[in-house]
Amino acid sequence: AVAARRRAGNAHVGDDLPSLGGRLARRRAAWGRLRAGMWGPVGVATPVHVTSAARIGVLTSFCVPQASAIPGPVIGLEVTTRAPFTFDPWGVYPHLATSPCMLICGLQGSGKSFGTKVTMARLVEDLGRQVIVSSDPNGEWSALAEGFDGQVIHLGPGTGTVICPLDEGHRPAQVAPEDWRRAVDLRRSQALESIASILRSGALDDEERTVLDTAVEHMATGALTPTIAALVDWLDDPPTELTDRAGTDAPRRMSLVFTRLTRGPMAGMFDHHSTTALDPAAPMIAINTSGLGGAGDTVRQIAAACTSAWIDTTLRGRDGRWRVVVCEEGWDELRNPAQAQAMDDRIRLAGHLRCASVLIIHELKDVEIFGQAGSAHRGLVERVLSKCAIKVLYRQSSDCMDAVHRIAKPTSTAAELLLTLPQGQGIWCIGTTTPMWVQPLAGPTLAALINTDAGRTGR
Numbered sequence: 013a014v015a016a017r018r019r020a021g022n023a024h025v026g027d028d029l030p031s032l033g034g035r036l037a038r039r040r041a042a043w044g045r046l047r048a049g050m051w052g053p054v055g056v057a058t059p060v061h062v063t064s065a066a067r068i069g070v071l072t073s074f075c076v077p078q079a080s081a082i083p084g085p086v087i088g089l090e091v092t093t094r095a096p097f098t099f100d101p102w103g104v105y106p107h108l109a110t111s112p113c114m115l116i117c118g119l120q121g122s123g124k125s126f127g128t129k130v131t132m133a134r135l136v137e138d139l140g141r142q143v144i145v146s147s148d149p150n151g152e153w154s155a156l157a158e159g160f161d162g163q164v165i166h167l168g169p170g171t172g173t174v175i176c177p178l179d180e181g182h183r184p185a186q187v188a189p190e191d192w193r194r195a196v197d198l199r200r201s202q203a204l205e206s207i208a209s210i211l212r213s214g215a216l217d218d219e220e221r222t223v224l225d226t227a228v229e230h231m232a233t234g235a236l237t238p239t240i241a242a243l244v245d246w247l248d249d250p251p252t253e254l255t256d257r258a259g260t261d262a263p264r265r266m267s268l269v270f271t272r273l274t275r276g277p278m279a280g281m282f283d284h285h286s287t288t289a290l291d292p293a294a295p296m297i298a299i300n301t302s303g304l305g306g307a308g309d310t311v312r313q314i315a316a317a318c319t320s321a322w323i324d325t326t327l328r329g330r331d332g333r334w335r336v337v338v339c340e341e342g343w344d345e346l347r348n349p350a351q352a353q354a355m356d357d358r359i360r361l362a363g364h365l366r367c368a369s370v371l372i373i374h375e376l377k378d379v380e381i382f383g384q385a386g387s388a389h390r391g392l393v394e395r396v397l398s399k400c401a402i403k404v405l406y407r408q409s410s411d412c413m414d415a416v417h418r419i420a421k422p423t424s425t426a427a428e429l430l431l432t433l434p435q436g437q438g439i440w441c442i443g444t445t446t447p448m449w450v451q452p453l454a455g456p457t458l459a460a461l462i463n464t465d466a467g468r469t470g471r
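Residue 183 in the working numbering is what sits at position 171 of the sequence shown, and the numbering runs on without skipping anything.
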């Protein structure tokens with residue numbers, strides 16, 4: 013039939029036709045014309061042919077990321093192209109993003125925990141990164157850490173584990189003693205302010221800050237043992253130099269605040285020297301806080317502040333390892349301004365510390381709990397979230413979209429998908445590149461370690 017049309021076309025189409033019109037006429041004569049087709053090249057019934065996603069990407073640009081492939085292990089598949097999706101937080105720098113830090117958010121049951129665990133497992137197995145999970149409230153990360161022969165630290169009443177947020181750590185050989193001392197003093201000051209502001213549900217005044225600064229100075233000189241228990245004893249009988257500067261009321265108030273860590277439900281967890289240490293050789297470390305379940309928000313926030321300060325001690329040791337610190341309860345890490353500032357410092361120093369921070373949260377609209385729009389604390393929290401250059405968005409509710417647009421800034425196409433994403437699939441927004449629609453994949457061995465659906469499905 014095609015040959016017949018070609019012969020018929022050659023019989024009726026002459027070479028005296030204009031150049032463009034002649035070519036169109038010859039094509040229509042040879043191949044026929046689409047029924048009710050438009051005049052022009054698109055109206056020609058071209059033969060069946062093969063093309064590529066790269067060529068048709070101009071029609072549906074979302075389908076084809078414009079960025080080059082990211083070096084790293086295979087995490088899963090790009091849903092639109094079925095191509096392997098490879099990723100490494102440090103593989104995006106400097107061409108795709110300016111920071112290796114990640115923000116992962118989505119509704120409960122949307123698959124963010126599964127995707128995060130797959131990503132961390134690949135980084136450990138293929139690249140030798142060390143993963144530290146600062147809080148494992150359900151014990152889910154502990155199973156994965158044990159699967160890698162990693163370290164699990166159980167924290168809670170009756171476990172016998174003590175984590176001291178005032179630990180000095182080990183000074184790197186390349187850091188001068190005076191520089192290390194200043195860094196330790198700063199960490200201790202931030203830790204004490206974070207803990208105090210949580211326990212009293214408010215910021216410290218100038219006199220109270222003077223009390224804590226003086227305590228840190230005494231710790232640096234060896235006059236005060238760097239533990240919470242020793243601090244309480246020191247505050248109960250403050251030196252004259254302190255009362256002359258800050259009065260007698262401020263030390264008494266601070267003593268009452270920190271006494272809550274030495275008596276009651278939190279006693280024995282953060283008040284003495286650490287009874288364990290982070291294993292620098294462990295591929296994955298999980299701090300299991302399931303023993304704190306039901307202890308209340310304050311206890312959980314104190315645990316987050318203390319473990320964060322403890323982990324920072326290891327990070328600033330700068331032993332040459334590349335680490336990923338996963339914050340399973342991201343909002344707890346930002347609960348008060350001092351904690352949020354410490355997290356901001358960690359993200360800002362990601363390259364110096366060789367550390368990628370991963371904040372996992374449920375809904376971005378919950379940022380409203382940190383105050384009204386324009387308040388200092390909320391502004392700091394939103395800056396921390398914005399500095400995470402890698403944002404992985406799982407299914408969102410419609411009332412979250414305003415916060416998603418403001419903080420994550422997805423494309424319009426990606427934003428539409430977020431409302432209907434299937435479980436497990438996420439939109440990866442890396443820097444300013446075209447978002448990628450990713451389905452993480454796990455083999456049977458890994459899936460058995462990270463599957464958390466049993467309690468939901470009843471099987």
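Beta carbons are placed, not taken as given, at the ideal position from N, Cα and C, and that holds for glycine.
Compare the Cα-Cα distances from residue i to each of the options and report the closest residue.
i: residue 162; options: 172, 291, 427 and 95; result: 291
i: residue 435; options: 115, 107, 122 and 88; result: 122
i: residue 210; options: 260, 193 and 318; result: 318
i: residue 502; options: 141, 452 and 445; result: Look at the range of the chain in this structure, 13 to 471, and you will see that residue 502 is not part of it.
i: residue 198; options: 418, 265, 397 and 232; result: 232
i: residue 418; options: 429, 391 and 431; result: 391
i: residue 338; options: 296, 376, 281 and 305; result: 296
i: residue 166; options: 183, 146 and 359; result: 146
i: residue 220; options: 194, 262 and 213; result: 262
i: residue 131; options: 150, 109 and 89; result: 89
i: residue 304; options: 325, 326, 289 and 281; result: 281
i: residue 150; options: 104, 168 and 143; result: 168
i: residue 144; options: 334, 437 and 273; result: 334
i: residue 275; options: 195, 443 and 244; result: 244
i: residue 354; options: 395, 141, 428 and 254; result: 395
i: residue 450; options: 316, 331 and 433; result: 433
i: residue 148; options: 113, 159 and 316; result: 316
i: residue 120; options: 376, 103 and 388; result: 376
i: residue 133; options: 387, 357, 413 and 336; result: 336
i: residue 389; options: 214, 91, 460 and 158; result: 214
i: residue 437; options: 452, 257 and 443; result: 452
i: residue 207; options: 104, 258, 320 and 139; result: 320
So, is residue i buried or exposed, given that buried needs 16 or more other C-beta atoms within 10 angstroms?
i: residue 457; result: exposed
i: residue 23; result: Model confidence at residue 23 stands at a pLDDT of 45, short of 50, so the residue's coordinates are unreliable and nothing is read from them.
i: residue 80; result: Caution applies to residue 80, whose pLDDT of 47 falls short of 50 and renders its modelled position unreliable; the model cannot decide the point.
i: residue 364; result: exposed
i: residue 455; result: exposed
i: residue 462; result: buried
i: residue 431; result: exposed
i: residue 410; result: exposed
i: residue 172; result: exposed
i: residue 341; result: buried
i: residue 96; result: exposed
i: residue 345; result: buried
i: residue 27; result: With a pLDDT of 45 at residue 27, under the threshold of 50, the modelled position of this residue cannot be trusted; read the value that follows with caution. By the 10 Å Cβ count, residue 27 comes out exposed.
i: residue 331; result: exposed
i: residue 428; result: exposed
i: residue 387; result: exposed
i: residue 118; result: buried
Where does the unbroken beta strand (DSSP E) through residue i begin, and where does it stop?
i: residue 298; result: 296-300
i: residue 176; result: It is not in any beta strand (DSSP E) - residue 176 carries neither H nor E in the DSSP assignment.
i: residue 342; result: Looking at the DSSP string, residue 342 is not in any beta strand (DSSP E), and its letter there is neither H nor E.
i: residue 213; result: Taken as a continuous stretch (DSSP letters only), residue 213 belongs to no beta strand (DSSP E), as it is neither H nor E.
i: residue 368; result: 367-373
i: residue 114; result: 114-117
With DSSP as the reference, identify every bridge partner of residue i, one or two as the case may be.
i: residue 98; result: 86
i: residue 384; result: In DSSP, residue 384 forms no bridge with anything.
i: residue 166; result: 300
i: residue 335; result: 142 and 367
Can you tell me where the alpha helix (DSSP H) holding residue i begins and where it ends?
i: residue 231; result: 218-233
i: residue 403; result: First-last for residue 403: 402-405, but that is the beta strand (DSSP E), not the alpha helix (DSSP H).
i: residue 440; result: It is not in any alpha helix (DSSP H) - residue 440 instead sits in the beta strand (DSSP E) that spans 438-442.
i: residue 146; result: Where residue 146 is concerned, there is no enclosing alpha helix (DSSP H), although the beta strand (DSSP E) it sits in stretches over 142-148.
i: residue 153; result: 152-159
i: residue 452; result: Not the alpha helix (DSSP H): residue 452 falls in the beta strand (DSSP E), residues 448-452.
i: residue 377; result: That residue, residue 377, is in no alpha helix (DSSP H); it is neither H nor E in DSSP.
i: residue 356; result: 349-360
Considering only heavy atoms of the ligand FMN, does any lie closer than 8 Å to the CB of residue i?
i: residue 425; result: The model depicted lacks the ligand FMN and carries no ligand whatsoever.
#### Entry: Inter-stretch contact at 8 Å, needing at least 3 Cβ pairs: the segment 371-378 / the segment 175-184
no
### Message
I'd like to know if the segment 148-158 and the segment 282-300 are in contact, where contact means that at least 3 CB-CB pairs between them fall below 8 Å.
### Response
yes
### Task
Answer yes if the segment 85-93 comes into contact with the segment 306-326, meaning at least three C-beta pairs across the two stretches below 8 Å, and no otherwise.
no
### Message
With three or more C-beta pairs closer than 8 Å as the rule, is the segment 122-138 touching the segment 396-409?
### Response
Segments in contact, yes.
### Query
Can you find at least 3 beta carbon pairs, one from the segment 374-386 and one from the segment 421-428, that sit closer than 8 Å?
no
### Query
Does the segment 343-350 come close enough to the segment 218-229 to have 3 or more Cβ pairs within less than 8 Å?
no
### Query
Is it a yes or a no for the segment 233-242 touching the segment 275-286, going by three-plus beta-carbon pairs under 8 Å?
yes
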